[in-house]
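Visitor: Once you've had a glance at the structure underneath, I'll fire off some questions.
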DNA sequence: CAACTGAATGAATAACCATTCATTTTTTGT
DNA sequence: ACAAAAAATGAATGGTTATTCATTCAGTTG
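Below is the structure:
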């Protein structure tokens, strides 16, 4: 017990370090949502976190690294949620696709603060290779998994006309576009409506498995 | 002839002012595409335009106003292109919808520099009311026109199951999402592919009018 | 051509902001 | 309880950048 106390004691320290980093990343998300990527300063972030000005450089070395970790944070959150679904042995193909859509429009994902962060980074992707490579890798991973699911459903449901890759690209684009609607909402689109629009598309491809809800 | 010379001479001066403004806006588009919204400085913009540092404040008063005029410029270009189609008496409903899609994925619109500008502003929309109100107004205008076209085609083609408003929202979101793909392209999506994906969706709604291309 | 007008210039200014680091506070180990 | 280590602080620094404005330049008029 005493022998490895030094080791054990390192755990709370490193946990606390992780917690501090997360706290700062969450403050960054709030700031980006409130003031935009170009408008968030170190002073904003640290004030919002209730900490002192120097703390970001202590934990992240630089503002740029904080921003990169913020992008990593939201994309990890998203991909790990989806991977849990893909790897869930208890769900069949149809259920996995349904769970995927539910997740895409779940409260934790389409929180407007986080949507603002997604679009803030996407808007800078062309000019920042570091942002691009993070985006490229999660996009590829998700597309592969989702295409596989559509291919399986095609096989299982005898949908000879369906092109799984096309459906994957189309669904993904649709989902991204609906996220934009949810962020900007001049028409006041609601999450549940967005989700039913995504379902409406899948129903056109797999009519025996998915049904568009009746009524508006 | 001599009487209105003073008036006539004012035209080239004011034209030249317009031209200078356009020149600066175009330089701004390039800069945003190259360095991002947060990375573009007055020095960048004026250098790119081949003019002197003070020129932006002379013509636009401030950087913020230059950015707003840049957003106005690309959204005017987009909406005026679409309005030409909507108001073209020689096209029937089906042809107008086709022309709309062609326009959405035409060279002048899906130029990657301009896509970068769209997404740069969308990313800041939540925190900047000035950007938001510009986006909201063109979104509403286009949605109204497009919904009307879909409603007409529903009527003319006896598509009893089609919900024009839903199809409009879905098509618009899909188109925005495909723009994102074209901007980020880890998979190297090509404009023609993006367009045929948009067609593929419309074919599900109006199968007698639009056909998905065969082959990959 | 000389006087006038307005556009354009860019050095100087002033504001802003990321980063540093000497100092203080808190935690840990004995 | 005490020393040593780690974490946190925030005033000071230095680099960057929007904006200003006295001056230059180009075009027009009488």
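Chains as they are written, first to last, in the UniProt record's numbering: chain F, 1 to 216; chain H, 1 to 216.
Cβ atoms here follow ideal geometry from the backbone N, Cα and C, with glycine treated the same way.
These numbers were taken from a predicted model, which means no experiment stands behind them.
#1: Just the Cα atoms here: how many angstroms apart are residue 160 of chain H and residue 118 of chain F?
#2: Consider the Cβ of residue 70 of chain H: report whether some Cβ of chain F lies at a distance smaller than 9 Å.
#3: Using a Cβ-Cβ distance cut-off of 9 Å, determine whether residue 59 of chain H contacts chain F.
#4: Is there at least one Cβ from chain H nearer than 9 Å to residue 159 of chain F's Cβ?
#5: Given residue 120 of chain H, which residues of its chain have a CB within under 7 Å of its CB, disregarding the five upstream and five downstream residues?
#6: What are the residues in the region 173 to 189 of chain H lying within 8 Å of chain F by C-beta distance?
#7: Does the beta-carbon of residue 173 of chain H have 16 or more other beta-carbons within 10 angstroms, so that it is buried, or is it exposed?
#8: Determine which residues of the region 113 to 126 of chain H have a Cβ less than 7 Å from any Cβ of chain F, and write them out in chain order.
#9: In chain F, what lies closer than 9 Å to residue 201 of chain H by C-beta?
#10: Kindly list the residues whose CB is nearer than 6 Å to the CB of residue 7 of chain F, restricted to its own chain and excluding five residues on each side of it in sequence; keep chain order.
#11: Check residue 49 of chain H in the structure and name its three-state DSSP category.
#12: Excluding the 5 residues flanking residue 27 of chain F on each side, which residues of the same chain have their C-beta closer than 7 Å to its C-beta?
#13: Please classify residue 22 of chain H as buried or exposed, where buried requires at least 16 neighbouring CB atoms within 10 angstroms.
#14: Please list the partners that residue 19 of chain H has in chain F, where partner means a Cβ-to-Cβ separation under 8 Å.
#15: Give every residue of the same chain whose Cβ lies closer than 6 Å to the Cβ of residue 101 of chain F, excluding the five residues on either side of it in the sequence, and list them in chain order.
#16: Are the region 73 to 87 of chain F and the region 136 to 146 of chain F in contact at 8 Å, needing three or more beta carbon pairs?
#17: Just tell me which of F/108, F/210, F/89 and F/75 has its CA closest to the CA of residue 154 of chain F.
#18: Give me the Cα-Cα distance between residue 137 of chain F and residue 181 of chain H, rounded to the nearest whole angstrom.
#19: With respect to 8 Å, is the separation between the Cβ of residue 60 of chain H and the closest non-hydrogen atom of the ligand GTP below this value?
#20: Give the interface partners of residue 34 of chain F over in chain H, defined as CB-CB distance under 7 Å, in chain order.
#21: Would you grab the beta carbon distance between residue 63 of chain H and residue 42 of chain H for me? Rounded to a whole angstrom, and I think it's under 8 Å.
#22: Tell me, to the nearest whole angstrom, how far the beta carbon of residue 131 of chain F is from that of residue 71 of chain F; I am working on the premise that it is less than 8 Å.
#23: Just the C-alpha distance for residue 200 of chain H and residue 184 of chain F, rounded to the nearest angstrom, thanks.
#24: Along the alpha helix (DSSP H) that carries residue 76 of chain H, what are the first and last residues, could you check?
#25: Quick check on residue 23 of chain F: does DSSP put it in helix, strand or coil?
#26: Measure how close the beta-carbons of residue 207 of chain F and residue 105 of chain F come, nearest whole angstrom, since I'm counting them as under 8 Å.
#27: Distance check for residue 56 of chain F and residue 24 of chain F, CA to CA, integer angstroms please.
#28: Output needed for residue 97 of chain F: all residues of its chain with C-beta closer than 6 Å, excluding positions within five of it in sequence on either side, in chain order.
#29: In this structure, does DSSP put residue 36 of chain H in helix, strand or coil?
#30: So, is the C-beta of residue 73 of chain F closer than 9 Å to a C-beta in chain H?
#31: When DSSP labels each residue in this structure, what does residue 208 of chain F get in the three-state scheme?
#32: Where do the ends of the alpha helix (DSSP H) carrying residue 176 of chain F lie?
#33: I need the boundaries of the alpha helix (DSSP H) containing residue 123 of chain F, first residue and last residue.
#34: Please list, in chain order, all residues of the same chain as residue 20 of chain F whose beta carbon is under 7 Å from its beta carbon, the five residues on each side excluded.
#35: DSSP three-state label for residue 92 of chain H, please.
#36: Assign residue 187 of chain H to one of three DSSP states: helix, strand, or coil.
Guide: Quick look at the numbers:
#1: Residue numbering aside, residue 160 of chain H sits at position 160 when the second chain is read from its first letter. Residue numbering aside, residue 118 of chain F sits at position 118 when the first chain is read from its first letter. Roughly 38 Å between the two C-alpha positions.
#2: Residue 70 of chain H sits at position 70 when you count from the first residue of the second chain. Not one beta carbon of chain F lies nearer than 9 Å to the beta carbon of residue 70 of chain H.
#3: As a working note, residue 59 of chain H is residue 59 in the second chain. So no, residue 59 of chain H is outside the interface.
#4: As a working note, residue 159 of chain F is residue 159 in the first chain. Taking Cβ atoms only, chain H never reaches closer than 9 Å to residue 159 of chain F, which makes this a no.
#5: Numbered from 1 along the second chain, position 120 holds the residue referred to as residue 120 of chain H. Sequence-distant partners of residue 120 of chain H (beyond 5 residues in either direction) whose C-beta falls short of 7 Å from its own C-beta, in its chain, are 32, 36 and 37.
#6: The region 173 to 189 of chain H vs chain F, Cβ under 8 Å: 173, 174, 175, 176, 177, 178, 180, 181, 183, 184, 186, 187 and 189.
#7: Within the second chain, numbered from 1, the residue matching residue 173 of chain H stands at position 173. Counting other Cβ atoms within 10 Å of its Cβ, residue 173 of chain H reaches 16 or more and is therefore classed as buried.
#8: Here the close residues are 116, 119, 120, 122, 123, 124, 125 and 126.
#9: The residue given as residue 201 of chain H occupies position 201 in the second chain. Per Cβ cutoff of 9 Å: 170, 174, 201 and 204.
#10: In the first chain, counting from the first residue as 1, residue 7 of chain F sits at position 7. Bear in mind that the predicted position of residue 7 of chain F carries a pLDDT of just 38, short of 50, making it unreliable; the figure below should be weighed with that in mind. If we look at residue 7 of chain F and ignore the five residues flanking it on each side, it has no Cβ neighbours.
#11: As a position in the second chain, residue 49 of chain H is number 49, starting the count at 1. Residue 49 of chain H: helix per DSSP, three-state reduction.
#12: Position 27 of the first chain, counted from the first residue, corresponds to residue 27 of chain F. Apart from the 5 residues on each side of it in sequence, residue 27 of chain F sits with its Cβ closer than 7 Å to the Cβ of 45, 48 and 49 in its chain, given in chain order.
#13: Walking along the second chain from the start, residue 22 of chain H turns up at place 22. Classification for residue 22 of chain H: exposed.
#14: Here residue 19 of chain H is taken as the residue at index 19 of the second chain, counted from 1. What residue 19 of chain H touches in chain F: nothing, since even the nearest Cβ is about 27 Å away.
#15: As a working mapping, residue 101 of chain F is identified with position 101 in the first chain. Excluding residues up to 5 positions away in sequence, 198 lie with their Cβ nearer than 6 Å to the Cβ of residue 101 of chain F in the same chain.
#16: Segments in contact, yes.
#17: Within the first chain, residue 154 of chain F is the residue found at index 154, counting from 1. Out of F/108, F/210, F/89 and F/75, F/210 has the C-alpha closest to the C-alpha of residue 154 of chain F.
#18: On the first chain, residue 137 of chain F is found 137 positions in, with the first residue counted as 1. On the second chain, residue 181 of chain H is found 181 positions in, with the first residue counted as 1. Spanning the two alpha carbons is a distance of roughly 14 Å.
#19: Ligands in the displayed structure: none, and consequently the ligand GTP is not present.
#20: The count along the first chain starts at 1 and reaches residue 34 of chain F at position 34. The answer, in chain order, is 127.
#21: Counted from its first residue, the second chain places residue 63 of chain H at position 63. Counted from its first residue, the second chain places residue 42 of chain H at position 42. Beta-carbon to beta-carbon, residue 63 of chain H and residue 42 of chain H are separated by about 6 Å, close enough to satisfy the 8 Å threshold.
#22: Residue 131 of chain F sits at position 131 when you count from the first residue of the first chain. Residue 71 of chain F sits at position 71 when you count from the first residue of the first chain. With a Cβ gap of about 6 Å, residue 131 of chain F and residue 71 of chain F count as contacting.
#23: By 1-based counting over the second chain, the position of residue 200 of chain H is 200. By 1-based counting over the first chain, the position of residue 184 of chain F is 184. Rounded to whole angstroms, residue 200 of chain H to residue 184 of chain F spans 26 Å at the Cα level.
#24: Against the second chain, residue 76 of chain H aligns to sequence position 76. Looking at the DSSP string, the run of the alpha helix (DSSP H) that includes residue 76 of chain H is 63 to 86.
#25: As a position in the first chain, residue 23 of chain F is number 23, starting the count at 1. Correct three-state label for residue 23 of chain F: helix.
#26: As a working mapping, residue 207 of chain F is identified with position 207 in the first chain. As a working mapping, residue 105 of chain F is identified with position 105 in the first chain. Their Cβ separation, rounded to whole angstroms, is 21 Å, which puts residue 207 of chain F and residue 105 of chain F out of contact at 8 Å.
#27: Here the question's residue 24 of chain F lines up with position 24 in the first chain. Here the question's residue 56 of chain F lines up with position 56 in the first chain. A straight-line Cα-Cα distance of about 7 Å links residue 24 of chain F and residue 56 of chain F.
#28: Within the first chain, residue 97 of chain F is the residue found at index 97, counting from 1. Around residue 97 of chain F, the same chain offers 149 as residues with beta carbons nearer than 6 Å, after the five sequence neighbours per side are excluded.
#29: Residue numbering aside, residue 36 of chain H sits at position 36 when the second chain is read from its first letter. Three-state result, residue 36 of chain H: coil.
#30: If you number the first chain from 1, residue 73 of chain F lands on position 73. At least 9 Å separates the CB of residue 73 of chain F from every CB of chain H.
#31: Taking the first chain and counting its residues from 1, the one referred to as residue 208 of chain F is at position 208. Residue 208 of chain F sits in coil when the DSSP states are folded into three classes, being neither helix nor strand.
#32: Residue 176 of chain F sits at position 176 when you count from the first residue of the first chain. 164 to 184 is the extent of the alpha helix (DSSP H) around residue 176 of chain F.
#33: Translated into the one-based positions of the first chain, residue 123 of chain F becomes position 123. Here the alpha helix (DSSP H) through residue 123 of chain F covers 112 to 124.
#34: By 1-based counting over the first chain, the position of residue 20 of chain F is 20. Excluding positions up to five away in sequence, the list reads 59.
#35: Counting from one through the second chain, the residue named residue 92 of chain H turns up at place 92. The answer is coil: DSSP assigns residue 92 of chain H none of H, G, I, E or B.
#36: Translated into the one-based positions of the second chain, residue 187 of chain H becomes position 187. If DSSP states are grouped into helix, strand and coil, residue 187 of chain H belongs with coil.
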